[in-house]
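J.:
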Amino acid sequence: MSDAIKLEKVILAVLVRNEPGVLSRVTGLFTRRGYNIHSLAVGPTEDIRVSRITIVIEEAEERLEQVEKQLHKLVDVLKIVNLTNAQRVERELALIQVNGEKRSDILQIVDIFRAKIVDVSPREVMVEVTGDTEKIDALIQMLDGYGISEIVRTGKIALARSNQ
Amino acid sequence: MAKTGAEVLVSTLKDLDVEYVFGYPGGAVLPIYDALYGSSLKHILTRHEQGAAHAADGYARASGKVGVVIATSGPGATNLVTGLANAYMDSVPMVAITGQVQSGLIGKDSFQEADVFGITMPITKHNYLIKDENKIEAILKEAFYIASTGRPGPVLVDITKDALMNYVSKSGSKQRLELQGYRVLKEGHPRQIAIARKLIKEANKPLIYAGGGAQDASKLLLKLAENFNIPVTTTLMGIGAFPGNHELNLGMLGMHGTPWANLAVQNCDLLIAIGARFDDRVTGALNKFAEKAKIVHIDIDAAEIGKNVPAYVPIVGDANTVLTELIDDTRLSHKDWILEIQNFEFPAQTAKEPKRGDCVNCTEPNMHFAELPPPCRQKDSVDPKVVLELASSLFKNQLIVATDVGQNQMWAAQYIKIEKPRSFITSGGLGTMGYGLPAAIGAQLGRPKEQVVLVTGDGSIQMNIQELATIAAYNIPVKVVLLNNRVLGMVRQWQTIFYNGRYSQTCTGSIPDFCALANAYSIPSLRVKGLDDLDEFKVALKAEGPYFIEVAVDPDESVWPMVAPGASLCEMFHASKAPTPSWQRGQNDE
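Line order of the protein sequences matches chains A and B.
Terminal number for the first sequence in the numbering used here: 174, no gaps in between.
Terminal number for the second sequence in the numbering used here: 591, no gaps in between.
(1) Closest Cβ-Cβ distance between residue 88(A) and chain B: below 8 Å?
(2) Nearest by alpha-carbon distance to residue 153(A): which of 127(A), 172(A), 171(A), 131(A) is it?
(3) Candidates 554(B), 570(B), 556(B), 517(B): which alpha carbon is nearest residue 548(B)'s?
(4) Consider the Cβ of residue 69(A): report whether some Cβ of chain B lies at a distance smaller than 8 Å.
(5) What residues in the segment 99-112 of chain A bring their beta carbon closer than 8 Å to a beta carbon of chain B?
(6) In terms of DSSP beta bridges, what is residue 109(A) paired with?
(7) Within 10 angstroms of its Cβ, does residue 371(B) collect 16 or more other Cβ (buried), or is it exposed?
(8) In chain order, which continuous runs of the alpha helix (DSSP H) of length 4 or greater are located wholly inside the segment 114-199 of chain B?
(9) Examine chain A for any beta-carbon lying closer than 8 Å to the beta-carbon of residue 180(B), and answer yes or no.
(10) When you compare the CB of residue 75(A) with every CB in chain B, is at least one pair closer than 8 Å?
(11) Residues in the same chain with beta-carbon distance under 7 Å from residue 148(B), minus the five sequence neighbours each way, listed in chain order, please.
(12) Decide yes or no for the touch test of the segment 542-556 of chain B against the segment 386-397 of chain B: beta carbon pairs closer than 8 Å, at least 3 of them.
(13) Cα-Cα, which of 490(B), 443(B), 452(B) is closest to residue 53(B)?
(14) Of all the alpha helix (DSSP H) runs that stay within the bounds of the segment 426-498 of chain B, which reach a length of 4 or more residues?
(15) Does any CB atom of chain B fall closer than 8 Å to the CB of residue 85(A)?
(16) For a cutoff of 8 Å on Cβ pairs, would you count residue 147(B) as touching chain A?
(17) Of the choices 22(B), 206(B), 88(B), 486(B), whose alpha-carbon is the least far from that of residue 293(B)?
(18) Taking a Cβ distance cut-off of 7 Å, strictly less, list which residues of the segment 119-146 of chain A are near chain B, in chain order.
(19) Taking only beta-carbon positions, decide if residue 174(B) is within less than 8 Å of chain A.
(20) Buried or exposed: which applies to residue 265(B), given that a residue is buried once 16 or more other Cβ atoms fall within 10 Å of its Cβ?
(21) Cβ of residue 95(B) less than 8 Å from any chain A Cβ?
(22) Decide if residue 262(B) is buried, meaning its Cβ has at least 16 other Cβ atoms within 10 Å, or exposed.
(23) Where does residue 2(B) land, buried or exposed, given buried means 16+ other C-beta within 10 angstroms?
(24) Would you mind working out which of 555(B), 480(B), 342(B) sits nearest residue 510(B), comparing C-alpha positions?
(25) At a CB-CB cut-off below 7 Å, which residues of chain A make contact with residue 118(B)?
(26) Residue 79(A) touches chain B at which residues, Cβ-Cβ below 9 Å?
(27) Run through DSSP, which three-state label would residue 261(B) get?
(28) May I have the straight-line CA-CA distance separating residue 193(B) from residue 315(B), to the nearest angstrom?
(29) So who's on the other strand from residue 101(A), going by DSSP bridges?
(30) Using a Cβ-Cβ distance under 8 Å, would residue 2(B) count as near chain A?
(31) List the residues of chain B that residue 177(A) touches, going by C-beta distances under 8 Å, in chain order.
(32) Give me, in chain order, the residues of the same chain whose beta-carbon lies closer than 8 Å to that of residue 176(B); leave out the 5 immediate sequence neighbours on both sides.
(33) Specify, as a first and last residue, the run of the beta strand (DSSP E) that residue 567(B) falls within.
(34) Express the C-alpha separation of residue 92(B) and residue 159(B) in angstroms, rounding to a whole number.
(35) Select from the segment 16-30 of chain A all residues with a C-beta closer than 9 Å to any C-beta belonging to chain B, and list them in chain order.
(36) In angstroms with no decimal places, state the Cα-to-Cα distance between residue 155(A) and residue 141(B).
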């Protein structure tokens with residue numbers, strides 16, 4: 011085994027021109043240079059010509075500067091904001107399909123986490139939860155014992171708080 | 002009168018001052034070729050799209066202008082891939098225009114359809130897919146701007162056939178966001194420049210390490226070196242940025258660098274990198290590279306700084322702008338340091354050299370004409386170094402050299418002295434065999450008043466030998482110097498040193514008869530088999546049109562010195578076999 015390299019988790023908000031292929035450019039860059047993407051969320055912004063990609067990456071500290079510099083070289087990248095150390099709000103959304111045999115237990119857990127039941131079928135319930143990654147991880151851990159059949163997560167989005 | 006997309010494309014190229022385009026027609030670009038018909042734009046028809054791409058690249062390197070290449074959809078465009086990757090690695094400004102199938106046919110596996118936009122994304126500085134004829138002019142101008150500014154690079158513009166055929170309306174839609182994300186920092190940070198200047202004045206053993214990014218800053222590089230009396234080493238890409246015969250020129254550094262350059266790197270206390278990127282072929286073992294030195298790194302690409310080696314003083318900016326600020330009227334001497342370099346004692350390390358007749362038991366007997374002996378028993382040969390030095394001096398070092406990849410390239414880099422920038426045209430980063438011949442064509446068209454000499458090998462030239470037809474068709478006066486050792490020399494050299502002389506698949510044998518082949522293309526030829534033929538060799542080099550000169554080289558000739566991959570620059574094999582350094586050459590002349 012090689013020496014364990016300390017990986018840093020970093021949240022980058024990457025504002026890009028809303029042009030065809032722009033997501034490929036960003037993810038292709040990560041593949042080509044061997045950077046690890048932990049999660050990625052993309053969507054439109056207040057300006058229809060601009061999209062926002064929120065990327066959570068895990069990288070050795072000395073490589074993080076390279077990641078940002080390489081991203082900046084992409085012509086379609088307008089701006090990069092490193093939110094890792096910023097005052098921010100971050101959210102992730104998850105839908106969890108879980109075995110509904112012990113429905114009342116599940117309802118209780120859902121309540122504690124301020125999650126929601128969004129669909130019920132004879133055998134399963136679907137839970138919707140938003141929050142930071144740790145909260146969603148914790149809920150999943152709690153529901154795991156009842157039998158989770160499917161999970162979908164959006165990946166983290168984050169926005170810096172405006173200055174007081 | 003309304004114009005089609007293709008007609009707008011051709012007129013835009015003319016607006017952009019394009020003189021030559023290199024290309025090859027096909028179904029999807031028929032509208033462009035129709036618009037070229039009777040146009041004053043000069044089109045060079047190569048015999049393969051890869052040739053067109055390398056020719057555009059060679060043209061760009063020699064002239065400093067943007068090289069333009071056109072290819073059709075599908076196979077035409079995929080044939081450009083190597084050429085684009087090559088230009089991207091060496092930061093060459095190029096615009097590739099490819100046809101794409103009609104927009105309605107995209108994604109349906111149509112005839113000659115390939116996802117060229119997707120394929121070329123990682124090997125271009127930027128690329129586009131145009132489906133709207135109204136965007137052609139604006140995007141083409143943007144492509145030229147991106148290709149030629151900042152750190153240059155290739156840009157590909159893929160255009161659907163319907164966009165090329167449709168009539169452009171006057172009120173072209175302007176929905177796109179302009180280039181807000183593309184910024185070119187020209188001026189270096191004044192504080193960093195001040196620190197660098199202070200370090201230079203304090204240093205006892207400074208050294209300049211100049212790369213391809215210094216080619217257009219050669220005047221200021223000379224001033225920096227002369228004012229402060231700092232020795233200079235250039236990379237393969239930096240050859241010509243500093244005069245080859247200058248006393249301060251230590252020659253190339255790295256794997257096949259000179260011992261003076263490599264030992265100077267390892268002993269300097271300040272390394273000033275200008276437009277260089279600390280490639281593994283240059284640095285050897287990274288953790289041992291320039292161990293005693295503080296590094297000042299000047300580069301226009303911020304991502305290059307700190308990528309491989311941490312910079313003590315990072316300066317992001319254009320070499321000319323930064324050097325203008327950096328240089329002042331102070332005169333420094335560094336006499337002791339220069340004497341130290343000139344009197345370095347080399348390590349006496351030797352590597353295995355091939356034993357004559359090692360490959361007598363050739364496993365590929367059918368590689369030879371029955372009547373010809375295998376290469377290792379070839380009787381007549383000439384030392385390639387003698388031939389190259391002769392060519393160099395014949396043109397008083399004022400020639401433009403294009404090379405292929407392998408031993409021919411390294412010998413050319415070591416033994417031909419290039420005095421002017423943009424005059425050593427070689428595939429550095431990608432190491433593309435087959436680059437030389439088409440690149441020489443482009444270089445000769447880009448600098449018609451100077452002589453281009455191609456130095457190539459029997460392996461490399463066969464990878465794009467069809468371009469002899471282009472040379473003949475346009476009567477392009479390139480002089481081809483083929484160093485024919487009948488083996489893949491560089492790979493064979495590695496097999497000698499690292500693989501115990503097991504010459505697996507590196508014998509190309511005596512096929513073909515190159516001189517006869519050149520004649521078949523109606524190019525005159527000469528075979529140089531011994532020193533007696535050198536007078537004829539000089540005449541051929543000075544001939545008016547193209548000439549094909551085959552030089553018989555012993556397959557056991559190796560490129561020395563050599564630093565094994567991953568070793569430190571101090572650990573050179575056969576350092577004593579280096580080319581004569583500039584300061585000793587000067588003495589010999591007197």
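No residue lacks a Cβ here, since even glycine has one placed at the ideal position from N, Cα and C.
T.: Let me spell this out:
(1) Position 78 of the first sequence holds residue 88(A). Yes, residue 88(A) counts as interfacial toward chain B.
(2) One-based indexing of the first sequence puts residue 153(A) at position 143. Of the candidates 127(A), 172(A), 171(A), 131(A), the one whose C-alpha sits nearest the C-alpha of residue 153(A) is 127(A).
(3) On the second sequence, position 547 is the one that residue 548(B) refers to. Of the candidates 554(B), 570(B), 556(B), 517(B), 517(B) places its Cα closest to the Cα of residue 548(B).
(4) Locating residue 69(A) in the first sequence gives position 59, counting from the first residue. Chain B contact via Cβ: absent.
(5) Cβ contacts with chain B: none found.
(6) Indexing the first sequence from 1 puts residue 109(A) at position 99. Answer is 134(A).
(7) Along the second sequence, one-based indexing puts residue 371(B) at 370. Because the pLDDT of residue 371(B) is 49, which lies under 50, any placement of that residue in the model is unreliable, and the number read from its coordinates should be weighed accordingly. Exposed, since its Cβ has fewer than 16 Cβ neighbours within 10 Å.
(8) Here the runs fully enclosed are 117-121, 137-149, 162-166.
(9) One-based indexing of the second sequence puts residue 180(B) at position 179. Yes, its Cβ sits closer than 8 Å to a Cβ of chain A.
(10) In the first sequence, the residue the question calls residue 75(A) occupies position 65. Judged by the 8 Å Cβ criterion, residue 75(A) is in contact with chain B.
(11) Along the second sequence, read from residue 1 onward, the residue named residue 148(B) stands at position 147. Excluding residues within five positions, the ones whose Cβ falls inside 7 Å are 67, 94, 95, 96, 126, 154, 155, 156.
(12) A contact exists between the segment 542-556 of chain B and the segment 386-397 of chain B.
(13) Start at 1 with the first residue of the second sequence, and residue 53(B) comes out as number 52. Answer by Cα proximity: 443(B).
(14) Entirely contained in the segment 426-498 of chain B, the alpha helix (DSSP H) runs reaching 4 residues are, in chain order, 437-447, 459-462, 469-474.
(15) Translated into positions along the first sequence, residue 85(A) becomes position 75. Residue 85(A) counts as touching chain B.
(16) Against the second sequence, residue 147(B) aligns to sequence position 146. True, the Cβ-Cβ gap to chain A drops below 8 Å.
(17) As a working note, residue 293(B) is residue 292 in the second sequence. Here the closest residue by C-alpha is 206(B).
(18) Listed in sequence order: no entries.
(19) By 1-based counting over the second sequence, the position of residue 174(B) is 173. Low local confidence applies: a pLDDT of 47 at residue 174(B) is under 50, so the model's placement there is unreliable, with the coordinate-based value given in what follows. It does not; no Cβ of chain A falls within 8 Å.
(20) For the purposes of this step, residue 265(B) is taken as the residue at position 264 of the second sequence. That one is buried.
(21) Taking the second sequence and counting its residues from 1, one reaches residue 95(B) at position 94. For residue 95(B), the closest Cβ of chain A is not nearer than 8 Å.
(22) Counted from its first residue, the second sequence places residue 262(B) at position 261. So residue 262(B) ends up on the buried side.
(23) In the second sequence, counting from the first residue as 1, residue 2(B) sits at position 1. Per the 10 Å Cβ criterion, exposed.
(24) Position 509 of the second sequence, counted from the first residue, corresponds to residue 510(B). Closest by alpha carbon: 555(B).
(25) Here residue 118(B) corresponds to residue number 117 of the second sequence, with the count starting at 1. Correct list: 31.
(26) Position 69 of the first sequence, counted from the start, is the residue given in the question as residue 79(A). Those within 9 Å of residue 79(A) in chain B are 302, 303, 304, 305, 306, 307, 308.
(27) As a first step, residue 261(B) is located in the second sequence; it is residue number 260 there, counting from the start. Looking at residue 261(B) - three-state DSSP - the assignment turns out to be helix.
(28) As a first step, residue 193(B) is located in the second sequence; it is residue number 192 there, counting from the start. As a first step, residue 315(B) is located in the second sequence; it is residue number 314 there, counting from the start. Residue 193(B) and residue 315(B): Cα-Cα distance of roughly 7 Å.
(29) Taking the first residue of the first sequence as 1, we reach residue 101(A) at position 91. The partner list for residue 101(A) (beta bridge, DSSP) reads 167(A).
(30) Position 1 of the second sequence, counted from the first residue, corresponds to residue 2(B). The beta carbon of residue 2(B) does not come within 8 Å of any beta carbon belonging to chain A, so the residue lies off that interface.
(31) It is not possible to answer for residue 177(A), since the shown part of chain A is limited to 11 through 174.
(32) As a first step, residue 176(B) is located in the second sequence; it is residue number 175 there, counting from the start. Here residue 176(B) scores only 46 on pLDDT, less than 50, and its place in the model is too uncertain to base an answer on.
(33) One-based indexing of the second sequence puts residue 567(B) at position 566. Taken as a continuous stretch (DSSP letters only), residue 567(B) belongs to no beta strand (DSSP E), as it is neither H nor E.
(34) Along the second sequence, one-based indexing puts residue 159(B) at 158. Along the second sequence, one-based indexing puts residue 92(B) at 91. Whole-angstrom Cα-Cα distance: 20 Å.
(35) Of all residues in the segment 16-30 of chain A, only 25, 26, 27, 28, 29, 30 come within less than 9 Å of chain B when Cβ atoms are compared, listed by chain position.
(36) Mapped onto the first sequence, residue 155(A) falls at position 145. Mapped onto the second sequence, residue 141(B) falls at position 140. Inter-residue distance for residue 155(A) and residue 141(B) is about 59 Å (C-alpha atoms, whole angstroms).
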